[in-house]
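**Student:**
Protein chains in written order, with the working numbering: chain A, 12 to 706; chain B, 2 to 149.
If you want it as structure tokens, here you go:
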């Protein structure tokens, strides 16, 4: 019954969301609704709709957990002998469930926007709903305070309009994907008679990193739906002022934080689960998540310029539209199998056509609206080349050029095929065309936060202080690089070359700049503001991650060897010995659904003692007949010892991939710092919003 | 003051144009060497290709064709629906989902001996997935053309 109720909840959400959209856009007066009442109704519907979708999603989880294999999705992707956490994550480890998750996050974002204090405060006539009954005199005081009161009401009415329109756009997007779910990918489809056992989840997906990867990635993808909705609302209303930028910023940061975490988790999963040791392959599906990240990063930075100076408004609106279009594009390509990718999923042509239609309507509708409305925005005024906003424009230029280059490389095979020439574009293209834009980006990124807003005031003092700062950064960068390469040379036998050292120097430059931002804000004697933490953590995090990226790709030492038991092998500074191989049968009682074979490997010290033991594993899943590699990784501050157990060869030897991957842990540490920076930014922008809406 | 601001905008627009031009230049310089054509075994036989040129070869692993001595050097045969066949050699660790009877895409070059030396192998992620190029060339059913 759960499946039927869930399906019903989902079906009920469809007309409700339709109503939400209509109410938001139809003129209020003929309906006999005051603007405030209309706004409140739209908000209530958004919350109820989100609740219905959430109920239906919980119902699907319940079907997976309880092992109701009469539900086709559960039959195809679940199995009773599977740990609970993977029964739950199996819910979104398949097409139908993941699209339902997409719809859930879409409607939740709408619901959350409707529930925010800002939305509530703009619901009635300028003062909070919650206060109208209890503290009337407070409200009166504000109304009576003259021009300020009038101004506040204008702001509140504007905000109400933006939020109502945004909820309407959000409803439109939700409607499209809800229709997609119900008509082409119904997760609650039954099969009769019900099978007794499910077919099990793809073992590669039975992993904690991958259990969390889709929800976070979707938080990012879908999170940009709300910034898109707010952007379209601004286009309809014909105004994108400082208050609009303040309203959008926390949501943009939330989406960015989710996307950053999602991409990092996916990369981490590929690193330890696929057993290849790589973290980024320039695969189409990876690129498709990376492009909205690039434009989304540009978007959060250009929003700052709108908020501070009012410039760059049209460009910011453009980025708001483009970022979500790229996110839908990603969904379309992944779900339609249009591009050949290791990550591609099974395909159903009708689904591809449906998402293509959604994509087409979004692109034509949003860019059409943009082309029509953008010229009506008054130009925001230029600014001086050497200023904070100047640095932010540079950031935007580099990021969007980078995104364009990646877009072309990703879709070039399709263009080529249209001309009858099937081609593929590989890593060398992306290295050659994308990285050149990231080098100056990182170089400017370190100093940008120290430039003053508006105008570079021509005084010797300012230039002198700035030059001194540059010198400090340069010295710190050189010192950091010398420290890192020195430690690596002392402890290991690194593969150093001039480009690698220069790259590490650039990373050190960025770390210096990021850390300096925090140190600067400590000078006042008070704890640093959240916004200082945000910039510092995000920038320093990227700098630390860049150390990991460079060393983890250019300095890797790796050998694939066939070893007899007792045989030793040397990789870089490391000496390994294969001590033995053992097998562990599946234990149904323990909830394990695989047979494991371990290779016991000792890491030897220079004098032949055992420094550590590692046990890379091969898993065989009898239910589906697949096997997976579980790499053994020994993490140290200087890098990872990474072992994979490939197979037993016919000659009786065991094939192992032994590698040393310097500084790779820094990549995950850096990504974590960036996510923390994003969270600090959300906190700072919410605080800022509250402060600005207070009298 | 006003003038310098407008001048500022001109500066940004021209900088954007320079960046775009730089991007196009980099793309034009790097693309030709990076494009790897996709071919099936039948097309290679027909095209009479020169060794050394990198391309991608798609097909289904012929059941029973896979051999290895030491687990590092691998040999197997790919077939397509049109009956073309090509022997491959690959050195390194196999992808997890490598299995006889499965469709794969290998990147590499032809050797002097007329074999295909693969530098990387792409297998599926999802068991129901067949790379699009393979689907179009009908290699999904190549098992039918496997040798007796």
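In this text, a Cβ means the ideal position worked out from N, Cα and C, and glycines have one as well.
1) What residues in the segment 671 to 700 of chain A bring their beta carbon closer than 8 Å to a beta carbon of chain D?
2) Using beta carbons (cut-off 7 Å, strictly below), is residue 70/B in contact with chain A?
3) To the nearest angstrom, report how far apart residue 112/B and residue 29/B are at their CA atoms.
4) Taking C-alpha atoms, which residue in 515/A, 641/A, 498/A and 38/A lies nearest to residue 627/A?
5) So, is the C-beta of residue 45/B closer than 7 Å to a C-beta in chain A?
6) Which chain B residues are close to residue 657/A, counting only those with a beta carbon under 8 Å from its beta carbon?
7) Run through the DSSP bridge pairs and tell me what residue 607/A is partnered with.
8) Against chain A, with Cβ distances strictly below 7 Å, would residue 28/B count as a contact?
9) Is DSSP giving residue 197/A helix, strand or coil here?
10) Which residues of chain B have a Cβ atom closer than 9 Å to the Cβ of residue 668/A, listed in chain order?
11) For residue 24/B, would you say it is in contact with chain A, using Cβ-to-Cβ distances shorter than 7 Å as the test?
12) Between the alpha carbons of residue 486/A and residue 241/A, how many angstroms are there, rounded?
13) In chain order, which continuous runs of the alpha helix (DSSP H) of length 4 or greater are located wholly inside the segment 667 to 698 of chain A?
14) Output the distance between the C-alpha atoms of residue 423/A and residue 436/A, rounded to the nearest integer angstrom.
15) Is the beta carbon of residue 53/A less than 7 Å from the beta carbon of residue 178/A?
16) Could you work out which residue in 643/A, 674/A and 414/A is closest to residue 623/A when comparing CA atoms only?
17) Beta carbons nearer than 9 Å to chain B: which residues of the segment 414 to 436 of chain A have them?
18) Would you say residue 662/A reaches chain B, if we count a Cβ-Cβ gap shorter than 7 Å as a contact?
19) Taking C-beta pairs closer than 7 Å, name the residues in chain A that residue 18/B reaches, listed in chain order.
20) Under 6 Å Cβ to Cβ from residue 110/A, same chain only, skipping five residues before and after it: list those, please.
21) Would you kindly report the start and end of the unbroken beta strand (DSSP E) that includes residue 569/A?
22) To which residues of the same chain is residue 173/A closer than 8 Å at the C-beta, ignoring the five residues directly before and after it?
23) Rounded to a whole number of angstroms, what is the C-alpha to C-alpha distance between residue 365/A and residue 395/A?
24) So, for residue 52/B: in the same chain, excluding its five sequence neighbours on each side, which residues have a beta-carbon less than 7 Å away from its beta-carbon?
25) Bridge partners of residue 487/A, per DSSP?
26) Whose CA, out of 618/A, 634/A and 613/A, lies closest to the CA of residue 625/A?
27) Indicate whether the contact test is met: 3 or more Cβ pairs, each with one atom in the segment 684 to 699 of chain A and one in the segment 662 to 670 of chain A, closer than 8 Å.
28) Using the Cα positions of residue 96/B and residue 638/A, report the straight-line distance between them to the nearest angstrom.
29) Let me know if residue 19/B comes out buried or exposed under the rule of 16 or more other beta-carbons within 10 Å of its beta-carbon.
30) Under 8 Å by Cβ, that's how I've got residue 362/A and residue 541/A pegged, so tell me the actual separation to the nearest angstrom.
31) What would DSSP say about residue 81/B, mapped onto helix, strand or coil?
32) Expressed to the nearest angstrom, what Euclidean distance is found between the alpha-carbon atoms of residue 606/A and residue 631/A?
33) Between which residues of its own chain and residue 147/B is the CB-CB distance below 7 Å, once the five residues before and five after are set aside?
34) Quick check on the DSSP output: the alpha helix (DSSP H) that includes residue 535/A runs from which residue to which?
35) Step through the CB atoms of chain B and report whether any lies within less than 7 Å of the CB of residue 176/A.
36) Say whether chain A places a C-beta atom closer than 7 Å to the C-beta of residue 76/B.
**Tutor:** Inspection of the coordinates gives the following:
1) In the structure shown, chain D cannot be found, because the protein chains are A and B.
2) yes
3) 29 Å
4) Cα-wise, what sits closest to residue 627/A is 641/A.
5) no
6) 72, 94 and 95
7) 595/A and 630/A
8) yes
9) coil
10) 93 and 94
11) yes
12) 44 Å
13) Entirely contained in the segment 667 to 698 of chain A, not one alpha helix (DSSP H) run reaches 4 residues.
14) Approximately 7 Å, taken between the alpha carbons.
15) yes
16) 643/A
17) 415, 416, 419, 420, 423, 424, 427, 428, 432, 433, 434, 435 and 436
18) yes
19) What residue 18/B touches in chain A: nothing, since even the nearest Cβ is about 10 Å away.
20) Cβ within range, chain order: 192 and 196.
21) 568 to 574
22) Within its own chain, the residues whose Cβ lies closer than 8 Å to the Cβ of residue 173/A, once the five positions on either side in sequence are excluded, are 241, 244, 245, 248, 255 and 258, listed in chain order.
23) Near 47 Å, if we compare the C-alpha coordinates of residue 395/A and residue 365/A.
24) 110, 111, 112 and 113
25) Its beta-bridge partners do not exist; DSSP assigns none.
26) Of 618/A, 634/A and 613/A, the smallest CA-CA separation from residue 625/A is found for 613/A.
27) no
28) 10 Å
29) exposed
30) At roughly 43 Å, the Cβ-Cβ gap does not stay under 8 Å, so residue 362/A and residue 541/A are not in contact.
31) coil
32) Rounded to the nearest angstrom, the two C-alpha atoms are 5 Å apart.
33) At residue 147/B the pLDDT is 27, less than 50, meaning the model places this residue with poor confidence; the figure from the coordinates comes in the next sentence. Counting only Cβ-Cβ distances below 7 Å, and skipping sequence neighbours, we find 63, 64 and 80.
34) Here residue 535/A belongs to no alpha helix (DSSP H), and DSSP marks it neither H nor E.
35) no
36) no
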